[in-house]
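Read the structure below first, then the notes.
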């Protein structure tokens, strides 16, 4: 048996263990954990090929599990603190206030309203690089406005997801591009324009495809359906927590050598404090914190388990085998398949796909004479679209949770999002194929 | 099954796993690497002696100074920039343990980013330690991460903005020492470390610096010397001599890009009188397409998946059944510095640096690098130091 056979069998064990665990009705998180343990067990039990290998002791296997579990520690902290901030804001009545004001001001001007909402959705992900942060901070707010504009539940959930995905892809921060560029020792320079063109076009297309048409808003009925906001709310109060959030984030960018590095979790916690300060109603801070952690257990759990699975796959050669399989595809097949491979792999591994596939692909495209900056930018817009796909579906699940979606996840929400997703993927594929020409044109 | 029972058992399993892993993490972080300094050692300073900004931190590295007392030039040899590239720090240690300087000075830092060597890279499934066989037993080192340990430098910014260029880089690069030159005294840990190293370079009036690295075979900057533009003559001649006389796989020469900031080959040369060089050698374990990840791969550099990629012409370095053993990677680095010094002495006789005691390329390949590392238990106490 060669190392190829070994890693293939490990992959097979992963798939089988996941399937069996699902059959026994275990949650996705537990099923993935079972798959990771199966990979480790198979690695120990199976022959590893002709070359000598190091001994792997049981304590070291345990160490790999625990180490893998810490891979997305920072991302989990961001999820928790961002959600805590937004939940407090909602409890304080801030969301209701803003939604009522937007509906009141723009109910007769759908086009302007949709463009504004699109940009409101793009900002949080653009400055943090996280689609989940977009959903958790402004997703519910924008969803409420869309509901008031007569956008159906399927369409508005699909739109919130798509805008969150495009916000994560939007510059200045695109974590996939940054991580892949860092892995390939490329500076994160020249990505702004291609990322902005692709993500903003994708966001606006999604918005008008899914919410462009709808019945005119009946102002009185819409306002009656929306929750009341405490009377003491004003625009000044409502904006204060967001000024703190954006101000602290941008301050680090404006004065990078004098402003202390706070980190996003602390920025969100300070924004939560700002919310508590301006709230006209008394907030139950500990109760909200407890509810937030409870609500996010699934999301955080999946990130922890993805880290473990990734570590197990790396240890056993299964990750390398997948990566090798992708980069050794014939170029035409690669062009034709990346639009499926990238989102699907994102659904499995999250940000870990950027170094896994991104780095070898950059090297390959560089070797083929294609523009690596433009190509990576196009992949970095395709990747986040996989965040509604199993097994992780992190942003999709967050959107469903935040909007209280009651329909069928795949036949309702994902199916509705399919057309804009395909258009964005086609656009990115075209940009990738013509990256050399586009690079000469826009200087990427 | 009773849910409460399942929960209790799960909690116990988590506590036990965390305990086992915690013990291993602690062992890794607290392991001290013995160094038996060569007879020619003049003094050992700390990086913090050159700048308070790093004094007392985990990156307050040992600075081994070999001063001949005869006027000449000075070179700084830097190991351990990326702690996941073990040939770098072991190559530096080959100098520390064997060096005798007869003219000028040689300054060596084995572990410039010690913090990075106290954890492995999350998701990469690295071994915690690596070992080299020696005539007196096995010598052990910490395997590390590319970036400093978050326990020493956290949180990261959303985007890392390089000082002083203002260039944007990925957030984790704030912990990547070779994206933080020339550093600043009040920045994050790695920025303070490179600032202290710059102070050292200026205070010791170094003429040249060499930063050791390893790279994946998919990476185009491979088996090469990257040089600041002021070092082009020396680097070109070194590359030609090594390729024609010594190495089976050629070593190239490349200019440091002027628009790419934070790297030693660019910033040291721009911010001091020293001419900066960086040497790269192939390490298959850094390739994302590698197979089983273990110490065997790290030390033998032999991987069937990487070989398969080579068959598809996807690599920038050759690889066959023999792989890229650590002995060969270390021997290339050590010999590159020796040849670089030879050329430097030829072109700058007034600033010559003459050294002895360093094994030749052929000796290291034939006997293994372990033959040139010394037993700390048999060495006089005054010559044993810990990195």
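Chains as they are written, first to last, in this note's numbering: chain X, 3 to 446; chain G, 214 to 600. No residue lacks a Cβ here, since even glycine has one placed at the ideal position from N, Cα and C. As the structure is a prediction and not an experimental result, all values here were calculated from the model.
An exposed status is given to residue 223 of chain G, since fewer than 16 other beta-carbon atoms sit within 10 Å of its beta-carbon. At a cut-off of 9 Å between beta-carbon atoms, residue 25 of chain X makes no contact with chain G. For the stretch 295 to 327 of chain G, the full-length beta strand (DSSP E) segments reaching 3 residues or more read 313 to 316, 318 to 322 along the chain. Residue pairing by DSSP puts residue 467 of chain G in a beta bridge opposite G/439. Along the stretch 311 to 322 of chain G, there is no position whose C-beta sits under 8 Å from a C-beta of chain X. In the DSSP assignment, residue 566 of chain G falls outside any beta strand (DSSP E), carrying neither H nor E. Counting only Cβ-Cβ distances below 8 Å, residue 527 of chain G has contacts in chain X at 329, 330, 362, 365, 366, 369, in chain order. Along the stretch 331 to 367 of chain X, the alpha helix (DSSP H) occurs as fully enclosed runs of 4 or more residues at 333 to 351, listed in sequence order.
Between the stretch 287 to 301 of chain G and the stretch 373 to 393 of chain G, the count of Cβ pairs shorter than 8 Å is three or higher; the stretches touch. Looking at the DSSP output, residue 493 of chain G bridges to G/426, G/437. For residue 103 of chain X, the enclosing alpha helix (DSSP H) stretches over residues 96 to 108. DSSP places residue 312 of chain X within a helical segment (H, G or I) once states are collapsed to three. For residue 261 of chain X, no alpha helix (DSSP H) run applies, since DSSP gives it neither H nor E.
Look at residue 247 of chain G here: in three-state DSSP terms it is strand. Contact check for residue 164 of chain X against residue 132 of chain X fails: the beta carbons are separated by 9 Å or more. Put simply, the CB of residue 6 of chain X is near chain G, with a gap under 9 Å to one of its CB atoms. Classified as exposed, residue 412 of chain X has fewer than 16 neighbouring CB atoms from the shown chains inside 10 Å of its CB.
For residue 109 of chain X, no chain G residue has a Cβ inside 8 Å of its Cβ, as the nearest lies near 36 Å away. Excluding residues up to 5 positions away in sequence, 114, 115, 118 lie with their Cβ nearer than 8 Å to the Cβ of residue 108 of chain X in the same chain. Annotated three-state conformation of residue 344 of chain G is strand, per DSSP.
Inter-segment contact for the stretch 425 to 444 of chain G and the stretch 272 to 279 of chain G is absent: fewer than three beta-carbon pairs are separated by less than 8 Å.
Listed in chain order, the alpha helix (DSSP H) elements of length 4 or more contained wholly in the stretch 227 to 301 of chain X are 237 to 256, 266 to 280. Residue contact check for residue 94 of chain X against chain G: no CB pair falls below 9 Å. Here residue 401 of chain X really is in contact with residue 141 of chain X; their C-beta atoms are around 6 Å apart, less than 8 Å. Pairing residue 59 of chain X with residue 362 of chain G, the inter-Cα distance amounts to about 25 Å. For the set X/345, X/11, X/129, the Cα lying nearest the Cα of residue 194 of chain X is the one of X/129.
Contact of residue 323 of chain X with chain G by beta-carbon distance below 9 Å involves 502, 504, 518. For residue 336 of chain G, the C-beta contacts it makes with chain X under 7 Å involve 70, 73, 309, 312, 313, 316, 354, in order along the chain.
Rounded to whole angstroms, the separation of the alpha carbons of residue 253 of chain G and residue 265 of chain X is 47 Å. By the criterion of a C-beta distance shorter than 8 Å, residue 418 of chain G is surrounded in its chain by 287, 486, once the five residues flanking it on both sides are discounted.
Of all C-beta pairs linking the stretch 431 to 450 of chain G to the stretch 478 to 498 of chain G, three or more are shorter than 8 Å, placing the two stretches in contact.
Exclusion of the five residues before and after residue 228 of chain X leaves 98, 101, 102, 105, 146, 150 as the residues of its chain whose Cβ lies within less than 8 Å of its Cβ. At a cut-off of 9 Å, the C-beta of residue 251 of chain X has a neighbouring C-beta in chain G. The C-beta of residue 352 of chain X has 16 or more other C-beta atoms within 10 Å across all chains shown, which makes the residue buried.
Going by beta carbons, residue 242 of chain G and residue 600 of chain G fall outside the 9 Å limit.
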